[in-house]
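What follows is a single structure, written as structure tokens, with notes after it.
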Amino acid sequence: MAARDGGVTDLATGGPFAANAFVEAIQFLVAPRESVTGGVQVGGVDEMLTLTANHLLLSFAALAIACVVALPLGLWLGHIGKGEFLAISASNVGRAVPTLALIAFFIAFVGIGFLNVLVALTLLAIPPLLTNTYVGVRGVDRDAVDAARGMGMSEPQIVRRVELPMSVRSVFGGLQLSAISVVATAILGPLASVETLGTPIVSVNVYGQPGLLGASILVAALAILIYVLLAVAQRGLTPRGLKAGRSDAPGILRRIPFLQRQGSAQPT
Amino acid sequence: MGQSRDLHIFDDAAGRAYPREVTAPQTSPNSEAVRPRPQAATLEFRSATKRYPGQEDAAVDGLSLTVPAGEICVLVGPSGCGKTTAMRMVNRMIEITEGDILLDDRSVRDRAPAELRREIGYAIQQIGLFPHLTVAANVAVVPRLLGWDRDRIEARVRELLELVSLEEGTAERYPAQLSGGQRQRVGVARALAADPPLMLMDEPFGAIDPINRERLQNEFLRLQAEIRKTVVFVTHDIDEAIKMGDRIAVLRAGGRLAQYASPAELLMYPADEFVEDFVGADRALKRLALQRVRDIDLWSAATVRSGEPVDEARRKIAEADIDMPVLVDDHGRPQGWLSERGFAGERVRPELRSRAEPLVELDDVLRDALADLIESEVHYSPVVDSGGRLAGVLSLEVISQTLHVPPERARTGPQLVDPAPGEDDAVSAEVEPA
Numbered sequence: 001m002a003a004r005d006g007g008v009t010d011l012a013t014g015g016p017f018a019a020n021a022f023v024e025a026i027q028f029l030v031a032p033r034e035s036v037t038g039g040v041q042v043g044g045v046d047e048m049l050t051l052t053a054n055h056l057l058l059s060f061a062a063l064a065i066a067c068v069v070a071l072p073l074g075l076w077l078g079h080i081g082k083g084e085f086l087a088i089s090a091s092n093v094g095r096a097v098p099t100l101a102l103i104a105f106f107i108a109f110v111g112i113g114f115l116n117v118l119v120a121l122t123l124l125a126i127p128p129l130l131t132n133t134y135v136g137v138r139g140v141d142r143d144a145v146d147a148a149r150g151m152g153m154s155e156p157q158i159v160r161r162v163e164l165p166m167s168v169r170s171v172f173g174g175l176q177l178s179a180i181s182v183v184a185t186a187i188l189g190p191l192a193s194v195e196t197l198g199t200p201i202v203s204v205n206v207y208g209q210p211g212l213l214g215a216s217i218l219v220a221a222l223a224i225l226i227y228v229l230l231a232v233a234q235r236g237l238t239p240r241g242l243k244a245g246r247s248d249a250p251g252i253l254r255r256i257p258f259l260q261r262q263g264s265a266q267p268t
Numbered sequence: 269m270g271q272s273r274d275l276h277i278f279d280d281a282a283g284r285a286y287p288r289e290v291t292a293p294q295t296s297p298n299s300e301a302v303r304p305r306p307q308a309a310t311l312e313f314r315s316a317t318k319r320y321p322g323q324e325d326a327a328v329d330g331l332s333l334t335v336p337a338g339e340i341c342v343l344v345g346p347s348g349c350g351k352t353t354a355m356r357m358v359n360r361m362i363e364i365t366e367g368d369i370l371l372d373d374r375s376v377r378d379r380a381p382a383e384l385r386r387e388i389g390y391a392i393q394q395i396g397l398f399p400h401l402t403v404a405a406n407v408a409v410v411p412r413l414l415g416w417d418r419d420r421i422e423a424r425v426r427e428l429l430e431l432v433s434l435e436e437g438t439a440e441r442y443p444a445q446l447s448g449g450q451r452q453r454v455g456v457a458r459a460l461a462a463d464p465p466l467m468l469m470d471e472p473f474g475a476i477d478p479i480n481r482e483r484l485q486n487e488f489l490r491l492q493a494e495i496r497k498t499v500v501f502v503t504h505d506i507d508e509a510i511k512m513g514d515r516i517a518v519l520r521a522g523g524r525l526a527q528y529a530s531p532a533e534l535l536m537y538p539a540d541e542f543v544e545d546f547v548g549a550d551r552a553l554k555r556l557a558l559q560r561v562r563d564i565d566l567w568s569a570a571t572v573r574s575g576e577p578v579d580e581a582r583r584k585i586a587e588a589d590i591d592m593p594v595l596v597d598d599h600g601r602p603q604g605w606l607s608e609r610g611f612a613g614e615r616v617r618p619e620l621r622s623r624a625e626p627l628v629e630l631d632d633v634l635r636d637a638l639a640d641l642i643e644s645e646v647h648y649s650p651v652v653d654s655g656g657r658l659a660g661v662l663s664l665e666v667i668s669q670t671l672h673v674p675p676e677r678a679r680t681g682p683q684l685v686d687p688a689p690g691e692d693d694a695v696s697a698e699v700e701p702a
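Written out as structure tokens, the structure is:
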């Protein structure tokens with residue numbers, strides 16, 4: 001992974017101490033050790049697995065809610081061609097407001113805990129999804145939509161059978177963006193008492209430098225992994241006819257699962 | 269053989285008021301009787317009007333016209349004349365503000381838009397194929413909306429692709445892999461998928477290069493001769509209108525109907541200056557593209573075989589419109605213009621003055637036939653039927669008589685159609701085939 005390679009070289013040039021720090025970080029991930037403050041065992045595979053599971057649960061929950069909210073809204077706004085201001089400025093506002101501030105803000109309303117961080121991360125995830133969905137739908141060939149309507153598709157049918165499949169790429173772009181920012185931002189969880197991979201980072205005075213570095217490496221790796229998985233999913237879900245330069249490739253990429261329910265009408 | 273009888277038929281028909289206009293390839297009456305006539309709807313605009321709020325002028329203003337079932341009605345006019353708007357009012361893509369449109373005597377306003385549209389074929393210039401679906405799935409869109417079962421859809425798709433001359437392998441391809449012409453064919457197939465009684469076509473061949481456009485036009489006319497749908501066809505190209513239309517509605521700015529007539533009538537009797545300008549200064553020439561050689565009254569010529577008694581041949585020449593005999597072979601196929609020297613003996617000898625060139629066919633449009641004459645630098649040429657047998661003689665004079673527009677009420681006149689005997693001599697004297 002880029003992060004690890006980069007770490008080795010950069011730290012290595014910093015001298016023997018830096019290289020040691022990296023080795024120690026890896027050791028922290030695999031074997032428990034005594035905390036800086038003493039008295040407790042920290043790190044090791046078991047704790048890291050628990051923290052990772054929490055981290056992912058939180059991130060997926062936030063993403064799932066964001067999808068449920070942003071996809072229909074983006075599709076609908078894009079379909080009727082209104083709300084461009086809302087859809088576009090949402091992403092700008094979303095970028096401008098720091099999630100840290102949101103968490104602090106929500107402590108006043110929902111207190112500390114899972115819900116607080118979940119809401120904050122959901123708000124972080126919505127803007128890129130909303131914007132990309134809207135832009136994707138607006139980018140669908142208007143003539144195809146006109147033809148669809150002229151042939152007698154109802155408006156929901158136009159959205160489902162024409163606009164959604166044709167904007168898959170853009171929607172997934174938004175999902176990737178949301179996913180990596182959510183995964184990266186979930187490290188703020190401990191600020192509202194939600195244990196995530198952010199715990200060793202936030203509580204560096206307990207976990208020590210190796211904990212900080214080890215957890216950071218893990219978060220970076222997770223973000224990259226999720227990004228790649230989504231990219232693969234995107235390729236699989238993009239209708240074959242929309243893929244440039246892909247001529248007669250048969251086989252696995254043929255299916256358009258959510259598009260063609262009762263199978264296609266293709267004579268075989 | 270009966271060639272001479274054939275020639276006399278032309279004489280008999282000489283009094284016909286007008287050559288029939290030919291717009292689409294003709295289906296023979298026989299084939300129509302054999303196969304059941306596919307369903308087609310009658311479409312009636314009744315003072316249909318579209319006004320957009322805040323605009324003083326209507327986009328379409330009180331349009332009234334009736335399109336009989338099975339005919340192609342072309343809406344033509346300069347840009348901004350409301351022709352597309354008028355077309356889109358039919359399937360309620362644009363709502364009528366006043367008046368009404370009736371499809372088989374039923375107002376389109378009484379129908380749910382989506383349901384109505386599934387019964388109306390829809391093809392637009394940009395085609396609007398769905399890039400994420402295969403050709404087969406594109407064609408299958410409306411049948412699937414109508415809930416046809418899979419086998420029926422599959423069979424229909426195959427049938428349609430064949431109908432629009434797309435190869436079998438095309439079905440599994442995607443629109444991006446097709447040429448413009450192929451896409452256009454898919455668009456037409458898709459519009460025809462549910463066998464709609466009415467088709468709306470908005471400049472369907474507008475984005476195609478001229479060569480392919482002509483081919484697609486011809487294919488569509490051939491198709492239409494077979495399926496006999498009612499078609500509303502929008503174009504800004506008067507030549508396309510004349511070629512495709514059984515009837516042409518010329519619209520002027522503000523969506524007002526300037527004239528609604530058959531192509532021939534439009535070219536011969538434009539209603540006003542606007543229509544006259546719109547059809548163009550060369551409207552007389554355009555009419556040549558409307559008529560086929562079989563639709564006009566050809567001259568008869570004596571057909572003479574080698575070895576025939578000269579007396580017999582001379583008698584035939586006297587009966588014919590022109591005194592230039594044509595030498596034919598045993599199958600009645602013209603060999604050339606017989607020279608006077610061929611009559612020297614008892615029996616006709618195959619002495620040719622010139623070969624039978626160019627050979628015009630009955631199915632040629634007059635424009636092409638005229639081009640042949642001009643190219644070969646002759647004033648007349650033999651016309652043959654599909655079997656290659658002589659069917660008459662076409663001359664520049666016959667063509668110019670055809671183009672002559674008599675005053676409205678006095679259209680006929682034997683002197684215009686039937687060359688007087690005196691003229692015959694003059695013509696044959698002055699015409700020396702090159």
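Sequences listed follow chains R and D, in order.
For the record, in the first sequence the residue sitting at position 20 is 20 according to the working numbering, with numbers rising by one throughout.
Numbers given in the working numbering equal positions in the second sequence, counted from 1, plus 268.
Quick reminder that beta carbons are idealized off the backbone N, C-alpha and C, glycines included.
These numbers come from a predicted model, not from an experiment.
Practice item. Could you please give the first and the last residue of the uninterrupted alpha helix (DSSP H) stretch that includes M357 of chain D? Key: In the second sequence, the residue the question calls residue 357 of chain D occupies position 89. Counted as a single uninterrupted DSSP element, the alpha helix (DSSP H) harbouring M357 of chain D occupies residues K351 to V358.
Check your understanding: Can you tell which of D:S644, D:G338, D:V432 and D:L311 has the C-alpha that lies nearest to the C-alpha of L331 of chain D?
Key -> Looking up residue 331 of chain D in the second sequence gives position 63. Selected option, being the one with the closest Cα: D:L311.
Exercise for review: On the DSSP bridge assignment, give the partners of L331 of chain D in chain order.
Suggested key: Locating residue 331 of chain D in the second sequence gives position 63, where the first residue counts as 1. According to DSSP, L331 of chain D bridges with D:A316.
**Study point:** Residues that DSSP places opposite V651 of chain D in a beta bridge
**Key:** Here residue 651 of chain D corresponds to residue number 383 of the second sequence, with the count starting at 1. Per DSSP, D:V628 and D:G660.
Check your understanding: So, are the CB atoms of D372 of chain D and R524 of chain D less than 8 Å apart?
Key -> Within the second sequence, numbered from 1, the residue matching residue 372 of chain D stands at position 104. Within the second sequence, numbered from 1, the residue matching residue 524 of chain D stands at position 256. Contact flag unset, no.
Review point. Terminal residues of the continuous beta strand (DSSP E) containing Q603 of chain D?
Key: Along the second sequence, one-based indexing puts residue 603 of chain D at 335. According to the DSSP assignment, Q603 of chain D belongs to the beta strand (DSSP E) that extends over P602 to L606.
Check your understanding: Any C-beta of chain D sitting closer than 8 Å to the C-beta of M1 of chain R?
Key -> Taking the first residue of the first sequence as 1, we reach residue 1 of chain R at position 1. Note that M1 of chain R has pLDDT 39, beneath the 50 cutoff, so the model's placement of it is unreliable and no number is given.
Review point. What separation, rounded to the nearest whole angstrom, lies between the Cα atoms of D597 of chain D and Q603 of chain D?
Key: Reading the second sequence from its first residue, position 329 is the one you call residue 597 of chain D. Reading the second sequence from its first residue, position 335 is the one you call residue 603 of chain D. Taking the Cα positions, D597 of chain D is about 7 Å away from Q603 of chain D.
Check your understanding: Quick one: Cα of T133 of chain R to Cα of S347 of chain D, how far?
Key -> The residue labelled residue 133 of chain R in the question sits at position 133 within the first sequence. The residue labelled residue 347 of chain D in the question sits at position 79 within the second sequence. If you take the alpha carbons of T133 of chain R and S347 of chain D, they lie about 35 Å apart.
Point to revise | As assigned by DSSP and simplified to three states, the class of S530 of chain D | key: Here residue 530 of chain D corresponds to residue number 262 of the second sequence, with the count starting at 1. In this structure, S530 of chain D counts as coil in the three-state DSSP scheme.
Practice item. Could you have a look at G443 of chain D and say whether DSSP puts it in helix, strand or coil? Key: Here the question's residue 443 of chain D lines up with position 175 in the second sequence. First, the residue type needs correcting, since residue 443 of chain D is Pro and not Gly in the sequence shown. Of the three classes helix, strand and coil, the one that applies to P443 of chain D here is helix, per DSSP.
Exercise for review: Let me know the secondary structure DSSP gives R496 of chain D once reduced to three states.
Suggested key: The sequence position of residue 496 of chain D within the second sequence is 228, counting from 1. Three-state DSSP puts R496 of chain D in coil, outside helix and strand.
**Study point:** Positions along the region 337–348 of chain D whose CB lies within less than 8 Å of some CB in chain R
**Key:** Listed by position along the chain: nothing, the set is empty.
**Study point:** Buried or exposed by the 16-neighbour rule on C-beta atoms within 10 Å, applied to V407 of chain D
**Key:** The residue you call residue 407 of chain D lines up with position 139 of the second sequence. With 16 or more Cβ atoms within 10 Å of its Cβ, V407 of chain D is classed as buried.
Point to revise | Sheet register partners of L595 of chain D (DSSP bridge) | key: The sequence position of residue 595 of chain D within the second sequence is 327, counting from 1. When DSSP reads this structure, L595 of chain D sits in a beta bridge with D:V572 and D:G604.
Check your understanding: Does the distance from the C-beta atom of G600 of chain D to that of T571 of chain D stay below 8 Å?
Key -> As a first step, residue 600 of chain D must be located in the second sequence, where it is residue number 332. As a first step, residue 571 of chain D must be located in the second sequence, where it is residue number 303. Going by C-beta atoms, G600 of chain D is nearer than 8 Å to T571 of chain D.
Check your understanding: Excluding sequence positions up to five away, which residues of its chain have a Cβ less than 6 Å from the Cβ of D632 of chain D?
Key -> Within the second sequence, residue 632 of chain D is the residue found at index 364, counting from 1. Around D632 of chain D: V561.
**Study point:** From R:L230, R:I201 and R:L121, residue whose alpha carbon lies closest to that of L218 of chain R
**Key:** Locating residue 218 of chain R in the first sequence gives position 218, counting from the first residue. Distance check between L218 of chain R and each of R:L230, R:I201 and R:L121 places R:I201 closest, using alpha-carbon atoms only.
Review point. Applying a beta-carbon distance threshold of less than 8 Å, which residues of chain R neighbour P465 of chain D?
Key: Looking up residue 465 of chain D in the second sequence gives position 197. Residues of chain R passing the Cβ test: none, with the nearest at roughly 14 Å.
Point to revise | Three CB pairs or more closer than 8 Å across the region 373–392 of chain D and the region 458–476 of chain D | key: A contact exists between the region 373–392 of chain D and the region 458–476 of chain D.
Review point. Is the Cβ-Cβ distance between V651 of chain D and G660 of chain D less than 8 Å?
Key: Within the second sequence, the letter at position 383 stands for residue 651 of chain D. Within the second sequence, the letter at position 392 stands for residue 660 of chain D. Yes, these two residues count as a Cβ contact at 8 Å.
**Study point:** Collapsed DSSP secondary structure at I362 of chain D in the structure displayed
**Key:** Residue numbering aside, residue 362 of chain D sits at position 94 when the second sequence is read from its first letter. I362 of chain D: coil per DSSP, three-state reduction.
Review point. For V432 of chain D, which option in D:R412, D:F488 and D:I340 has the closest C-alpha, if you only look at C-alpha atoms?
Key: Position 164 of the second sequence, counted from the first residue, corresponds to residue 432 of chain D. It is D:F488.
Practice item. Determine, using beta carbons only, whether H599 of chain D comes closer than 8 Å to chain R. Key: If you number the second sequence from 1, residue 599 of chain D lands on position 331. Answer no: the Cβ-Cβ gap between H599 of chain D and chain R never drops below 8 Å.
Check your understanding: What is the DSSP secondary structure of S203 of chain R, reduced to helix, strand or coil?
Key -> Working through the first sequence from its first residue, we reach residue 203 of chain R at position 203. Three-state DSSP puts S203 of chain R in coil, outside helix and strand.
Exercise for review: Scan the region 404–416 of chain D for residues whose Cβ lies nearer than 7 Å to a Cβ of chain R and list them as they occur along the chain.
Suggested key: Within the region 404–416 of chain D, the residues whose Cβ lies closer than 7 Å to some Cβ of chain R are A404, A405, A408, V409, V410, R412 and L413, listed in chain order.
Exercise for review: Look up E387 of chain D in the DSSP assignment and give the residues it is bridged to.
Suggested key: Looking up residue 387 of chain D in the second sequence gives position 119. Note: E387 of chain D sits in no beta bridge, so no partner.
Check your understanding: Under a three-way DSSP split, which group does T133 of chain R fall into?
Key -> The residue you call residue 133 of chain R lines up with position 133 of the first sequence. The three-state secondary structure of T133 of chain R, taken from DSSP, is helix.
Review point. Should S668 of chain D go down as buried or exposed, given a rule of 16 or more other Cβ atoms within 10 Å for buried?
Key: One-based indexing of the second sequence puts residue 668 of chain D at position 400. An exposed status is given to S668 of chain D, since fewer than 16 other beta-carbon atoms sit within 10 Å of its beta-carbon.
Exercise for review: Answer with buried or exposed for R424 of chain D, where buried requires no fewer than 16 other C-beta atoms within 10 angstroms of its C-beta.
Suggested key: Within the second sequence, residue 424 of chain D is the residue found at index 156, counting from 1. By the neighbour-count definition (other C-beta atoms within 10 Å, threshold 16), R424 of chain D is a buried residue.
Check your understanding: By the 10 Å Cβ neighbour count, where 16 or more other Cβ atoms means buried, how is H672 of chain D classified, buried or exposed?
Key -> By 1-based counting over the second sequence, the position of residue 672 of chain D is 404. Burial call: exposed.
Exercise for review: Would you check if the distance between the CB atom of A405 of chain D and the CB atom of G448 of chain D is smaller than 8 Å?
Suggested key: In the second sequence, the residue the question calls residue 405 of chain D occupies position 137. In the second sequence, the residue the question calls residue 448 of chain D occupies position 180. In this structure, G448 of chain D does not lie closer than 8 Å to A405 of chain D by Cβ.
Exercise for review: Can you tell me which of R:G74, R:S203 and R:L242 puts its alpha carbon nearest to the alpha carbon of V171 of chain R?
Suggested key: As a working note, residue 171 of chain R is residue 171 in the first sequence. When each option's Cα is compared against that of V171 of chain R, the closest is R:G74.
Practice item. Note down the Cα distance separating R441 of chain D from G43 of chain R, rounded to an integer number of angstroms. Key: As a working note, residue 441 of chain D is residue 173 in the second sequence. As a working note, residue 43 of chain R is residue 43 in the first sequence. Between R441 of chain D and G43 of chain R, the alpha-carbon positions lie close to 55 Å from each other.
Practice item. Have a look at D:T317, D:E494 and D:K351 and flag the residue whose alpha-carbon is nearest the alpha-carbon of F471 of chain D. Key: As a first step, residue 471 of chain D must be located in the second sequence, where it is residue number 203. Reading off the sequence shown, one finds Glu at residue 471 of chain D, where the question assumed Phe. When each option's Cα is compared against that of E471 of chain D, the closest is D:K351.
Check your understanding: Does DSSP classify M166 of chain R as helix, strand or coil?
Key -> Along the first sequence, read from residue 1 onward, the residue named residue 166 of chain R stands at position 166. Per DSSP, reduced to three states, the secondary structure at M166 of chain R is helical.
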